[in-house]
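Participant:
Number of protein chains: 2
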Amino acid sequence: MARIDDEVLGAWRAFLNAHAHATRAINRDLAAAGLPDLSWYDLLWALYRQPDRRLRVNELAREVVLSATAMSRFVDRVEAAGYVRREPDPDDRRALKVALTDAGVDALRAIWPVYERGIERHFAPALGGSAGRVRRILERVSESARG
Amino acid sequence: MARIDDEVLGAWRAFLNAHAHATRAINRDLAAAGLPDLSWYDLLWALYRQPDRRLRVNELAREVVLSATAMSRFVDRVEAAGYVRREPDPDDRRALKVALTDAGVDALRAIWPVYERGIERHFAPALGGSAGRVRRILERVSESARG
DNA sequence: TTTCTGTGGTTGCGTGTGCAACTGCTGTGC
DNA sequence: GCACAGCAGTTGCACACGCAACCACAGAAA
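These protein sequences, in sequence, are chains A and B. Counting in this note's numbering, the first sequence runs from 1069 upward without gaps. Counting in this note's numbering, the second sequence runs from 1069 upward without gaps.
(1) Go to R1204/A, then tell me how far its alpha helix (DSSP H) extends in each direction, as first and last residue.
(2) Would you kindly check if the distance between the Cβ of G1186/B and the Cβ of D1120/B is under 8 Å?
(3) Quick one: grab the DSSP three-state call for P1156/A.
(4) What do you reckon, are the CB atoms on V1152/B and T1137/B nearer than 8 Å?
(5) Just mark E1184/A as buried or exposed, buried being the case when its beta carbon has 16 or more other beta carbons within 10 Å.
(6) Contact defined as beta carbons within less than 8 Å: I believe S1198/B pairs with I1205/A. What is the distance between those atoms, to the nearest angstrom?
(7) What does R1203/B reach in chain A if we use C-beta pairs closer than 8 Å?
(8) What residue does the alpha helix (DSSP H) around V1132/A start on, and which one ends it?
(9) Just by C-beta distance, which residues in the segment 1085–1102 of chain B are closer than 9 Å to chain A?
(10) Please list the residues of the segment 1180–1199 of chain B that have a C-beta atom closer than 8 Å to any C-beta atom in chain A, keeping them in chain order.
(11) So what's A1167/B in DSSP terms, helix, strand or just coil?
(12) Alpha helix (DSSP H) containing R1162/A: first to last residue?
(13) With DSSP as the reference, label R1177/A as helix, strand or coil.
(14) Ends of the alpha helix (DSSP H) at R1081/B?
(15) Between V1166/A and chain B, is any beta-carbon pair separated by less than 8 Å?
(16) Over the uninterrupted alpha helix (DSSP H) stretch that includes S1107/B, give me the two end residues.
(17) Between which two residues does the alpha helix (DSSP H) containing A1192/B stretch?
(18) Roughly how many whole angstroms lie between the Cα atoms of A1082/A and P1156/B?
(19) Mind checking if E1127/A is an interface residue toward chain B, Cβ cutoff 8 Å exclusive?
(20) Return the CA-CA distance between A1079/A and L1195/B, expressed in angstroms with no decimal places.
(21) Can you tell me whether R1122/A is helix, strand or coil according to DSSP?
(22) Mind checking G1172/A: buried by the 16 CB within 10 Å criterion, or exposed?
(23) Using Cβ-Cβ distances below 9 Å, what residues of the segment 1130–1150 of chain B are close to chain A?
(24) What residues from chain A crowd round R1208/B, counting only those whose CB sits closer than 8 Å?
(25) According to DSSP, is Y1151/B part of a helix, a strand, or is it coil?
(26) Going along chain B, which residues have a C-beta under 9 Å from A1178/A?
(27) What in chain B is Cβ-close to A1171/A, meaning under 7 Å?
(28) Using C-beta distances below 6 Å, list every residue in its chain close to H1089/B, excluding the 5 sequence neighbours before and after it, in chain order.
(29) Report the residue from P1104/B, E1207/B, R1122/B, W1113/B whose alpha carbon sits nearest the alpha carbon of A1163/B.
(30) Straight-line CA distance for G1200/B to D1073/B?
(31) Just confirm the distance between the C-beta atoms of L1112/B and V1166/B, as a whole number of angstroms; I'd bet it's less than 8 Å.
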């Protein structure tokens, strides 16, 4: 049933399992602390990274790998929580800028310690000294699958 | 905002992105070929691996990392497609065995070529010669996150 | 200008998911 | 034997997702 290299297939299966277990574990930790989902952090962090802390809905969707539909509704929820605000884009009247609010920055800071600890406990130890190598490999995966 | 090693954090973010892009790419290929989702393959394959091609709903859920709820309904769909059959478990009248049917084996064989090609195109090239190393690292991630 | 193609964002619909609550059964403790 | 804690599996509910269809606007073409 397997013609491709067994180690490659094994790596793929391990990849799927590792992702499922690691994200579940971290989301469990976050929920236990009464904090929102991992994906909320990713969204807020994507905005925080920007010089003006703003991104169009579209760009945000690409940034956290979500469909435009899902992002539209996701922004609804995060906006209802007060962490972001939709603003008209002066350069393009079709578009909307999603702007990080102060409450959003607070949320980011509240989530990070638990998230960080999750990464440290569930992910980092397995890397040993190969973090850089693993990073480059996984970035290549993103790259070649994005097309 | 980041106290942990930047390479570790970078590896984590690359991990999330790689997973999102790779599974999307492969699911897109499968859908284009009129084939079911990647997760269907995983379910069928988990059964195929067993000596008697049977697993309890519970075990199946652990195998493909899904909640019992989700698995119950997932089995509904796959059973409706004729790829598996629910059978009473003679050893425990609470439990049900999910048995792979011949049509399920056919489905497995139909899906595999497209799936394989997806792995070869979107995942394997990035590994270079490190498939074994990556596999072991990711298996350790599963391990330490499963608790 | 006017038209036409295309893009940004949202919404209706069908579908997938988890949690909590439930049924039916197991197995231990008494 | 009989109660009772606990597990296997399913279901009601609330919520998240993608696709296709839609509206408003942009930008090139004529």
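Even for Gly, the Cβ is constructed at its ideal location relative to N, Cα and C. No experiment lies behind these values; they were computed from the predicted model shown.
Facilitator: By the coordinates alone:
(1) 1199–1214
(2) no
(3) strand
(4) no
(5) buried
(6) 6 Å
(7) E1075, G1078, A1079, A1082
(8) 1125–1132
(9) N1085, A1086, H1087, A1088, H1089, A1090, T1091, R1092, A1093, I1094
(10) W1180, E1184, I1187, E1188, R1189, H1190, F1191, A1192, P1193, A1194, L1195, G1196, S1198, A1199
(11) strand
(12) Where R1162/A is concerned, there is no enclosing alpha helix (DSSP H), given that its DSSP letter is neither H nor E.
(13) helix
(14) 1074–1100
(15) no
(16) 1106–1116
(17) 1192–1195
(18) 31 Å
(19) no
(20) 9 Å
(21) strand
(22) buried
(23) V1132, V1133, L1134
(24) P1193, A1194
(25) coil
(26) What A1178/A touches in chain B: nothing, since even the nearest Cβ is about 12 Å away.
(27) In chain order: nothing, as chain B lies at least about 17 Å away.
(28) none
(29) R1122/B
(30) 24 Å
(31) About 10 Å separates the two Cβ atoms, so there is no contact after all.
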